[in-house]
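This report concerns only the one structure given below.
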Amino acid sequence: MQVGNIRIIDNNYYHNDINEFLFFNYYKKKEKISKVKHLEKIISQMNENINVLGIHSEPFYDLIGKPNVLVDLTNKPSSKLNSLKLSDRLRIPLITASTSENKGKIMVYEPMNQVEKILLSKNNNSKTIEDYLFLDFENSKQGNIPNGLIGGLATEEIRKSILKLKPNDKLLKKAVTYNLLSNKRFEDKSDITLNFDCYLNEKDLFKDKKIVMIGAGAVGNFVGLGLSLLGINQIYMIDMDEVDATNPNRQILYNFENNIGKRKVDVLSKALKNINPNINIKGLYGKVGEYLNENERSQGVKLIGESELLKLNCDLIIGGVDTFTTRAFINKIAVKNKIPYIDAGTEPFSGQVSVYNPGKTACIDCHKNVYLLAQKEAKENDITPTSCIADNHDPSVVMSNQIISAMIVGEVKKIFYPEVYGFTIRDSIYYNSLSANRIILGNHIRNPRKGCPCSQDFYKK
Ligand SMILES: [Zn+2]
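Using the working numbering, read the sequence shown as starting at 2 and increasing by one per residue.
So, in structure tokens, the structure goes:
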């Protein structure tokens, strides 16, 4: 999202932490650099129309002026308390968010006048100051996956506070928690205990895993980033598009140099390798499916059918694709060959994630009727092409992609190591920026349809 003026305040130096991936140019150097100064440079490089200033300091509020919105992303209750006071004094909304390795939380505080405060306290549902301080995050180390999700939600609240795009486009009224240690995902209370007993080092858990990622668009950018930070050993990326002038607003890794006209798979693999040199990434300029059209053939696109896909010998397929035809095709291969498949769909204000984990959850067709939708799509395609992966310039689109992608990476860990991280979701996760809850996990335990090939392993047990 493009905001005119940004002031970032922080007093830390960067210490070779791969999780702070935007600092990757300094990854190998042992230079002592101020985080805000470097962030200022990167943001200006990504979008030269933004006036960004990094202030290397303890929050010293006279430096702030009067912004439209205040954002507190620390894990420090003392900072949050100061931010609340400032929000009250300036009468501007405060977006407060914190993350730990497996959990993240966000709330929005809107200053009220005395009358409003009294009325609200009479309703007996008023929040206390303590609710906004996020005491249980104090001194926690932050984690990539909650950072991605909460960062996306926070940016969306910033957007809402400045620019309302729909009548029901309101600031968040209650806390949203994302908790990888909860089987319900969006509950504060954890019911999963991490168990590394059989493994020496979490860092090495994903070193022998191979993932195929279909689509190097917006979801591909964020998921690729998440998988690289997770340390997935081998990533194959399949896409047949080139970076065009409309992409960089939501496909952040295309932003660092002028990549317009280059193949997305090439640009993305280079960027991810830069972030984590220890992973293997191969970009395949191709199309997953059963046929190529005239145009695709003339451009040298490679057809990646079932046998080509199976040759990659992958442990998991992630699809960020924009047609039901491709979804149906991937699902058939996944079910037939018992390969886990995570399917994502995004739109400017919403998105969803579904997981097929062979023998444990229903396939994507049992979740979403992709075979039927693919048939419909084939009929309609003569008139107008359909698309469920958002492809427009709406400022919210980058946030929905970021949010959905973070949750995909969260489920990847659970597919590979349920004994460590707990089980994957059995219904889809739905994100909607215009709903009061923002994100929910569907509460139907969706079992495979009788007769669907995915049900064979499921009911055998
Ligand atoms: Zn099925």
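C-beta: ideal position from N, C-alpha, C; glycine also.
Here's the rule I'm using: 16 or more other beta-carbon atoms within 10 Å means buried, otherwise exposed. How should T362 be labelled?
As a first step, residue 362 is located in the sequence shown; it is residue number 361 there, counting from the start. T362 comes out buried.
With a cut-off of 8 Å on the beta carbons, I'd call V398 and P349 a contact; round off their distance for me.
Taking the sequence shown and counting its residues from 1, the one referred to as residue 398 is at position 397. Taking the sequence shown and counting its residues from 1, the one referred to as residue 349 is at position 348. About 5 Å separates the two Cβ atoms, so the contact holds.
What is the DSSP secondary structure of V356, reduced to helix, strand or coil?
To locate residue 356, count along the sequence shown from 1; it is residue 355. Three-state result, V356: strand.
From this set, K377, A375, D323, Y418, which residue's C-alpha is nearest D316's C-alpha?
Within the sequence shown, residue 316 is the residue found at index 315, counting from 1. Taking only the C-alpha atoms, the option nearest D316 is Y418.
How long is the line joining the alpha carbons of S191 and G423, rounded to whole angstroms?
Within the sequence shown, residue 191 is the residue found at index 190, counting from 1. Within the sequence shown, residue 423 is the residue found at index 422, counting from 1. Approximately 11 Å, taken between the alpha carbons.
Can you find at least 3 beta carbon pairs, one from the region 336-350 and one from the region 234-245, that sit closer than 8 Å?
Contact between the region 336-350 and the region 234-245 is absent, because fewer than three Cβ pairs lie under 8 Å.
Just to confirm, is the Cβ distance from P326 to A375 under 8 Å?
Taking the sequence shown and counting its residues from 1, one reaches residue 326 at position 325. Taking the sequence shown and counting its residues from 1, one reaches residue 375 at position 374. The amino acid occupying residue 326 in the given sequence is Thr; Pro does not appear at that position. Yes, these two residues count as a Cβ contact at 8 Å.
Which stretch, first to last residue, makes up the alpha helix (DSSP H) that contains T156?
Working through the sequence shown from its first residue, we reach residue 156 at position 155. Unbroken alpha helix (DSSP H) run through T156: 145-163.
Sorted by chain position, which residues of the same chain lie with C-beta nearer than 7 Å to P386's C-beta, five sequence neighbours on each side aside?
Taking the first residue of the sequence shown as position 1, residue 386 is located at position 385. Residue placement at P386 cannot be trusted, given a pLDDT of 46 that sits under 50; what the coordinates show is reported in the next sentence. Closer than 7 Å at the Cβ level, and outside the excluded window around P386, lies no residue.
For the region 37-50 against the region 66-86, do three or more pairs of beta-carbon atoms, one drawn from each stretch, fall closer than 8 Å, so that the two count as touching?
No: fewer than three Cβ pairs fall under 8 Å.
Indicate whether the contact test is met: 3 or more Cβ pairs, each with one atom in the region 148-168 and one in the region 98-107, closer than 8 Å.
At 8 Å Cβ cutoff, the stretches touch.
Can you name, in chain order, every residue of its own chain whose Cβ lies under 8 Å from the Cβ of A379, other than the five neighbours on each side?
Against the sequence shown, residue 379 aligns to sequence position 378. Once the five neighbours on either side are set aside, the close Cβ partners of A379 are T326.
Residues in its own chain within less than 6 Å of A213 by CB, not counting five upstream and five downstream?
Locating residue 213 in the sequence shown gives position 212, where the first residue counts as 1. In the sequence as displayed, the identity of residue 213 is Val instead of Ala. Closer than 6 Å at Cβ, skipping near neighbours: Y237, L313, C315, I318.
Can you give me the C-alpha to C-alpha distance between E1 and Y357, rounded to a whole angstrom?
In this structure the chain extends from 2 to 462, so residue 1 is not present and cannot be described.
Let's test the definition: count the other Cβ atoms within 10 Å of the Cβ of S308 and tell me whether it reaches 16, buried, or not, exposed.
Counted from its first residue, the sequence shown places residue 308 at position 307. Its Cβ having fewer than 16 others within 10 Å, S308 is exposed.
Take N444 and list the residues in its own chain whose beta-carbon comes closer than 8 Å to its own, dropping the five residues that flank it on each side.
Indexing the sequence shown from 1 puts residue 444 at position 443. Cβ neighbours of N444 beyond the five flanking positions: D428.
Apart from the five residues just before and just after I261, which ones in its own chain have a Cβ nearer than 7 Å to its Cβ?
As a position in the sequence shown, residue 261 is number 260, starting the count at 1. Taken in chain order, the residues that qualify are V244, D245, A246.
Taking only three categories from DSSP, how would you classify V70?
For this step, residue 70 is matched to residue 69 along the sequence shown. Three-state DSSP puts V70 in coil, outside helix and strand.
Should E295 be labelled buried (16 or more other beta-carbon atoms within 10 Å of its own) or exposed?
Residue 295 sits at position 294 when you count from the first residue of the sequence shown. So E295 ends up on the exposed side.
What's the gap between the Cα of L233 and the Cα of L226?
In the sequence shown, the residue the question calls residue 233 occupies position 232. In the sequence shown, the residue the question calls residue 226 occupies position 225. Looking at the sequence provided, one finds Ile at residue 233 rather than Leu. Looking at the two C-alpha atoms, the distance is approximately 11 Å.
Tell me whether S477 counts as near ligand 1, meaning its Cβ is closer than 7 Å to at least one heavy atom of that ligand.
Nothing in the structure corresponds to residue 477, since the chain is present only between 2 and 462.
Run the proximity test for A363: is its beta-carbon closer than 7 Å to any non-hydrogen atom belonging to ligand 1?
Within the sequence shown, the letter at position 362 stands for residue 363. Checking the Cβ of A363 against ligand 1 gives yes.
Under three-state DSSP, which class holds Y15?
Within the sequence shown, the letter at position 14 stands for residue 15. Y15 falls in the coil class under three-state DSSP.
Among I409, S84, L442, which one has its Cα closest to the Cα of P112?
What you label residue 112 is simply residue 111 of the sequence shown in a count that begins at 1. For P112, the nearest C-alpha among the options comes from S84.
Would you decide whether A391 is buried or exposed? Buried here means 16 or more other CB atoms lie within 10 Å of its CB.
Reading the sequence shown from its first residue, position 390 is the one you call residue 391. Reliability fails at A391, whose pLDDT of 48 lies under 50, so the model's placement of it is uncertain and no value is given.
Below 8 Å between beta carbons: does that hold for S406 and V109?
To locate residue 406, count along the sequence shown from 1; it is residue 405. To locate residue 109, count along the sequence shown from 1; it is residue 108. The answer is no: Cβ separation not under 8 Å.
Would you mind stating whether L231 and V410 have Cβ atoms separated by less than 8 Å?
In the sequence shown, counting from the first residue as 1, residue 231 sits at position 230. In the sequence shown, counting from the first residue as 1, residue 410 sits at position 409. Taking 8 Å as the Cβ cut-off, L231 and V410 qualify as a contacting pair.
Excluding sequence positions up to five away, which residues of its chain have a Cβ less than 8 Å from the Cβ of R439?
Reading the sequence shown from its first residue, position 438 is the one you call residue 439. Around R439: L154, L173, V177, Y432, N433.
In chain order, what are the residue ranges of uninterrupted alpha helix (DSSP H) at least 4 long that sit wholly in the region 373-458?
Listed in chain order, they are 398-417, 419-422.
Taking only the alpha-carbon atoms, compute the straight-line gap between F330 and I276 and give it to the nearest angstrom.
Position 329 of the sequence shown, counted from the start, is the residue given in the question as residue 330. Position 275 of the sequence shown, counted from the start, is the residue given in the question as residue 276. Spanning the two alpha carbons is a distance of roughly 32 Å.
Return the Cβ separation of L40 and P78 in integer angstroms, given the expectation that the two are a contact with Cβ distance under 8 Å.
Along the sequence shown, one-based indexing puts residue 40 at 39. Along the sequence shown, one-based indexing puts residue 78 at 77. Contact flag wrong, Cβ pair sits at about 24 Å.
Return the chain-ordered list of same chain residues with a C-beta closer than 6 Å to the C-beta of G55, the five sequence neighbours on each side being excluded.
Walking along the sequence shown from the start, residue 55 turns up at place 54. Result list for G55: I9, V37, K38, L40, E41, in chain order.
Rounded C-beta distance between G352 and I404? I'm assuming under 8 Å.
Residue 352 sits at position 351 when you count from the first residue of the sequence shown. Residue 404 sits at position 403 when you count from the first residue of the sequence shown. The Cβ separation is near 7 Å, so the contact holds.
Looking only at its chain, what residues have a beta carbon closer than 7 Å to the beta carbon of L136, apart from the 5 residues adjacent to it on each side?
As a first step, residue 136 is located in the sequence shown; it is residue number 135 there, counting from the start. Excluding positions up to five away in sequence, the list reads P78.
Helix, strand or coil: which one does DSSP assign to Y460?
On the sequence shown, residue 460 is found 459 positions in, with the first residue counted as 1. Here Y460 sits in helix by DSSP.
Can you tell me whether K451 is buried or exposed, with buried defined as 16 or more other CB within 10 angstroms of its CB?
Position 450 of the sequence shown holds residue 451. Classification of K451: exposed, given that the 10 Å Cβ count is below 16.
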